[in-house]
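Final position of the sequence shown in this note's numbering is 507; the numbers increase by one with none missing. Quick reminder that beta carbons are idealized off the backbone N, C-alpha and C, glycines included.
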Amino acid sequence: MLKRLITKKKLITILILSITACSNHPETQAQNNNNNTEHATLAKQQETTIDQNNPSSMANCTLGGPNFVNLVKQVGDSVVNISAEINPTQRNANLGIDPNDPLAQLYRYFGVQPQQQKPSRASGSGFIVSNDGYVLTNAHVVNKATKISVTTHNKQAFNAKLVGLDTKTDIALLKIESGGLIAAKIGNPESLEVGEWVVAIGAPFGLDNTVTAGIVSAKGRNLPSENYVPFIQTDVAINPGNSGGPLFNTKGEVVGINSQIYSRSGGFMGISFSIPIDIAMKIADQLKVNGKVYHGQLGINIQEVTPELAASFGLSKPSGALVANVSADSGAAKAGIQAGDIILKAEGKEIIKASDLPIIIGSKKPGDIIDLSVLRNGSISNLKVTLGKGNEPEDEQPLLNVDKTPKLDKQHTENIEKFGLQVLNVNDPRITGKVRAKYGVVVLDANNVAAAAGIGRGDVILMVNNRKINSVSELNSYLGNTKQVALLIDRGGQQMFITINLLGE
């Protein structure tokens with residue numbers, strides 16, 4: 003009962019104080035006005051101080067936190083949306099039916115095939131890096147795409163050419179043809195500080211021009227499946243569709259490309275990873291020149307230096323990369339590196355963890371010479387190593403850099419184009435070594451009825467209605483006055499028949 007009375011008395015006191023604070027009594031009102039004036043003066047002083055200390059910053063601070071309005075207005079024009087069309091994978095080389103499908107027997111019995119899957123779409127974000135139309139995004143956004151569309155801030159859509167991509171760093175370079183483009187300013191991710199504000203702009207779930215902000219949580223993060231990128235970790239909200247979009251610092255400069263999130267649910271959980279822009283731009287430069295990226299290679303296998311290994315090698319702390327094996331004739335072997343060596347520094351940078359070394363080496367090109375600091379038998383020596391060429395995976399998009407327009411007169415391709423196809427002879431010099439088939443024509447692009455039937459880029463057309471095809475002109479002739487054809491195609495070494503018809507047009 004006493005506690006209740008005390009509580010009631012406290013409540014009454016609070017109410018009286020509240021009423022007094024909200025009253026219009028002249029003395030109280032004057033006091034409040036004085037307090038408001040003091041707060042306003044303080045706020046003004048804070049704003050002035052911040053502007054003087056960081057005049058180039060576009061994230062003006064207020065009492066409620068940073069304000070990114072000016073930043074977004076100045077950088078938003080450089081951000082684009084990306085839509086990629088991907089042909090469905092043929093589920094079965096002969097029937098288009100999954101043999102484990104419980105309806106497979108029924109399909110075979112009645113001679114019925116399920117409807118062809120329509121091309122799927124992937125979406126992401128990107129940003130313009132040059133006024134002449136080069137655009138950066140993630141490789142996983144456009145990988146295996148047959149058609150790529152880029153939409154700018156003013157809703158203009160452009161067909162984009164994929165200049166090249168690098169799956170190891172998850173970087174892709176696109177090119178669109180347009181004037182009056184506004185390129186993003188490129189910043190220096192090395193100058194980023196943990197705790198610094200950063201802003202992402204992109205199209206999560208297709209919601210274009212979405213702005214989110216957060217802070218840099220950590221730098222130089224190594225992820226288990228990524229050997230070539232020291233990620234910037236942030237708590238900026240990143241969701242599907244943000245991939246490939248820019249991460250800005252408060253000066254409005256791009257410092258990273260939003261690439262991955264850590265999630266157990268598939269959605270944002272407060273941990274995002276961005277590729278440092280300096281690494282991305284180096285990759286873009288190679289893609290611009292070669293259409294692909296060659297990563298330098300030392301030719302060694304390494305492992306982590308544990309506390310036990312550190313003690314046995316005479317190190318005061320576990321650090322560096324322990325060489326477990328050296329490949330014969332590699333750059334490392336020629337430089338004298340041996341199994342049991344511990345690499346302490348590369349290019350003057352200390353190797354804290356073994357995973358630090360591949361990041362440094364992977365950013366270099368074959369033929370580059372790098373400086374290594376190596377511990378052997380208690381003494382440190384400096385070695386210069388010429389990097390070799392890494393074991394690059396097969397080009398996942400071998401036809402991406404080939405001009406889609408065959409060098410033939412219009413009359414030699416008009417029937418082919420009627421079916422929505424653009425093709426090239428398999429022996430064309432532009433695709434030498436990229437196609438296994440010995441005869442036929444290679445599909446460079448498939449649209450309309452061809453795409454709907456399941457024909458995709460990279461397919462090789464071998465026969466038309468059981469007639470062997472040796473050239474583009476032969477294909478054009480065979481497609482002359484027909485409205486429906488059965489094509490025998492080769493797809494990755496497997497052959498299948500696909501029917502295309504114009505009857506439904």
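Counterpart residues of Val445 in DSSP-defined beta bridges:
The residue given as residue 445 occupies position 443 in the sequence shown. Val445 pairs with Val425.
For Asp358, does the three-state DSSP call read helix, strand or coil?
On the sequence shown, residue 358 is found 356 positions in, with the first residue counted as 1. Helix, per DSSP.
Would you report the Cα separation of Ile184 and Asp134, rounded to the nearest angstrom?
Within the sequence shown, the letter at position 182 stands for residue 184. Within the sequence shown, the letter at position 132 stands for residue 134. So the alpha carbons of these two residues sit roughly 9 Å apart.
By DSSP, does Arg469 sit in helix, in strand, or in coil?
Reading the sequence shown from its first residue, position 467 is the one you call residue 469. Three-state result, Arg469: strand.
By the DSSP assignment, the beta strand (DSSP E) with Glu310 in it spans what residues?
Mapped onto the sequence shown, residue 310 falls at position 308. Segment 309 to 314 is the alpha helix (DSSP H) holding Glu310; no beta strand (DSSP E) there.
Whole-number beta carbon distance between Gly246 and Thr139, since they are thought to touch under 8 Å:
What you label residue 139 is simply residue 137 of the sequence shown in a count that begins at 1. What you label residue 246 is simply residue 244 of the sequence shown in a count that begins at 1. Thr139 to Gly246, Cβ: 3 Å. Contact.
Looking at C-alpha atoms only, which residue of Ser479, His155, Val152 is the closest neighbour of Glu416?
Position 414 of the sequence shown, counted from the start, is the residue given in the question as residue 416. In this structure, Ser479 is the residue among Ser479, His155, Val152 with its C-alpha nearest to the C-alpha of Glu416.
Nearest to Val257 by CA position, among Glu310, Lys221, Ala239, Phe270, is which residue?
Counting from one through the sequence shown, the residue named residue 257 turns up at place 255. Of Glu310, Lys221, Ala239, Phe270, the residue nearest in Cα terms is Lys221.
Rounded to whole angstroms, what is the Cα-Cα separation between Met283 and Arg223?
Reading the sequence shown from its first residue, position 281 is the one you call residue 283. Reading the sequence shown from its first residue, position 221 is the one you call residue 223. Distance between the alpha carbons of Met283 and Arg223: 19 Å.
If you compare alpha carbons, which of Ala439, Ala323, Arg378 is closest to Ser357?
What you label residue 357 is simply residue 355 of the sequence shown in a count that begins at 1. The shortest C-alpha separation from Ser357 is found at Ala323.
Best match in Pro431, Lys253, Ala454 for proximity to Phe421 [C-alpha to C-alpha]
For the purposes of this step, residue 421 is identified with residue 419 of the sequence shown, where counting begins at 1. Minimum Cα distance to Phe421 is reached at Ala454.
Rounding to the nearest angstrom, what Cα-Cα distance links Ile339 and Val328 in this structure?
Your numbering for residue 339 matches position 337 in the sequence shown. Your numbering for residue 328 matches position 326 in the sequence shown. If I take the Cα positions, the gap works out to 7 Å.
8 Å contact criterion, which Ile130 and Val196 should meet: CB distance rounded:
Here residue 130 is taken as the residue at index 128 of the sequence shown, counted from 1. Here residue 196 is taken as the residue at index 194 of the sequence shown, counted from 1. Between Val196 and Ile130 the Cβ distance is about 29 Å, and since that is not below 8 Å, they are no contact.
Below 8 Å, can you find three or more Cβ-Cβ pairs linking the stretch 174 to 191 to the stretch 282 to 298?
Under the Cβ criterion (8 Å, minimum of three pairs), the stretch 174 to 191 counts as touching the stretch 282 to 298.
Between the alpha carbons of Val444 and Arg493, how many angstroms are there, rounded?
Along the sequence shown, read from residue 1 onward, the residue named residue 444 stands at position 442. Along the sequence shown, read from residue 1 onward, the residue named residue 493 stands at position 491. Rounded to the nearest angstrom, the two C-alpha atoms are 10 Å apart.
Would you identify the three-state DSSP class for Asp210, choosing helix, strand or coil?
Start at 1 with the first residue of the sequence shown, and residue 210 comes out as number 208. Asp210 falls in the coil class under three-state DSSP.
Three-state class that DSSP yields for Arg512 in the structure shown:
This structure leaves residue 512 out entirely; the chain is present only between 3 and 507.
Residues near Gly1 in its chain [Cβ-Cβ closer than 8 Å; skip 5 each side]
Residue 1 lies beyond the stretch modelled for the chain, which goes from 3 to 507, so this question has no answer here.
Looking only at DSSP bridge pairs, what is Ile203 linked to?
In the sequence shown, the residue the question calls residue 203 occupies position 201. Beta-bridge pairing links Ile203 to Val213.
Any Cβ of chain E within less than 9 Å of the Cβ of Ser357?
Chain labels in this structure do not include chain E; a single protein chain is all it has.
What are the partner residues of Arg223, as DSSP defines its beta bridges?
Stepping through the sequence shown from its first residue, residue 223 is reached at position 221. Answer by DSSP bridge pairing, in chain order: Phe233.
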